[in-house]
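Mature numbering (1 follows the signal peptide of the UniProt record, and there is no 0) puts the sequence shown at residues -18 to -1, 1 to 187. For every residue, glycine included, the Cβ atom is placed at its ideal position computed from N, Cα and C. Remember, it's a predicted structure, so these values are computed and weren't measured experimentally.
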Amino acid sequence: MMFTTALFVAALAPLARGWPVFPLPCSLFSGPSCICPPGTDYSESATVALIGATASNVGRKVNEFGDILWQGLVPSGLQGPPNTPLLSRRYVNYTTSVGAYTFEEQLVTRLVWLDGSFEQFYQQRGIIPYYSGNGSFSGNWVTIKGDRIFDNQTLVRYSSYSCQTGHPIDFAARRESSLNNVTVILEAEGSLLAPSTFAVSSQLW
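Now the structure itself:
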């Protein structure tokens, strides 16, 4: 009986962690890893950097959904009240290996803790067909998380899972540049108070 109970508890462990036992179709609720629609390919990307500034100062740059200048981008349009989950949307022009496209992105969650740590989750809205061929951008689910490590050290993780035909966006290169930009911006305004690291990535295609 004890052995049977142990097996049952072990089987429930993945559910307790919030992950499905079997992969689900990729969506807001699936989490990684998941199953992409036919004709698209699953990918994961995670980029991290240690930034020598307070978590609140890093969050001022990184956790503002409507302000993505730190990514070298300016939204072509904003919709809804600022920083409001499910209501805030932005339209962003991305250059990819298959052309330039406008993506609609929706803020899903935005959290800020008392120590300045933060977390933001957003998703691509709708399916965007490629201009030529049968491919598409069928989904991108992105998390940006900043954790206060010390008074002037913030660990930032910028990660996503996505469904696209082929791999027309090098998320790792784009996000490394973005997080390195944050360090440069904070240094220029005098908010960088400790050493920082260059961003590094792990990407699964």
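| Item | Value |
| --- | --- |
| Helix, strand or coil for residue 95, going by three-state DSSP, please let me know. | coil |
| Which partner residues does residue 86 have in the DSSP bridge list? | 73, 107 |
| Could you check the C-alpha separation between residue 150 and residue 117 for me, to the nearest Å? | 10 Å |
| Using the C-alpha atoms, what's the distance from residue 112 back to residue 127? | 30 Å |
| What's the gap between the Cα of residue 73 and the Cα of residue 139? | 23 Å |
| With 16 other CB atoms within 10 Å as the buried threshold, where does residue 89 fall? | buried |
| From residue 26 to residue 141, what distance separates their C-alpha atoms? | 8 Å |
| Any contact of the stretch 29 to 39 with the stretch 177 to 184, i.e. 3+ C-beta pairs under 8 Å? | yes |
| Ignore the nearest five residues each way along the sequence and tell me which others in residue 228's own chain have a CB closer than 7 Å to its CB. | There is simply no residue 228 to check, as the chain begins at -18 and stops at 187 in what is shown. |
| Only counting the same chain, and skipping five residues up and downstream in sequence, which positions put a Cβ closer than 6 Å to that of residue 124? | 104, 142 |
| Taking Cβ positions, are residue 76 and residue 110 nearer each other than 7 Å? | no |
| Below 8 Å on the Cβ atoms is my guess for residue 87 versus residue 71; work out the distance and round it to an integer in Å. | 7 Å |
| State buried or exposed for residue 40, treating a residue as buried only when at least 16 other CB atoms are found within 10 Å of its CB. | buried |
| Smallest Cα separation from residue 43: which of 14, 155, 177, 166? | 166 |
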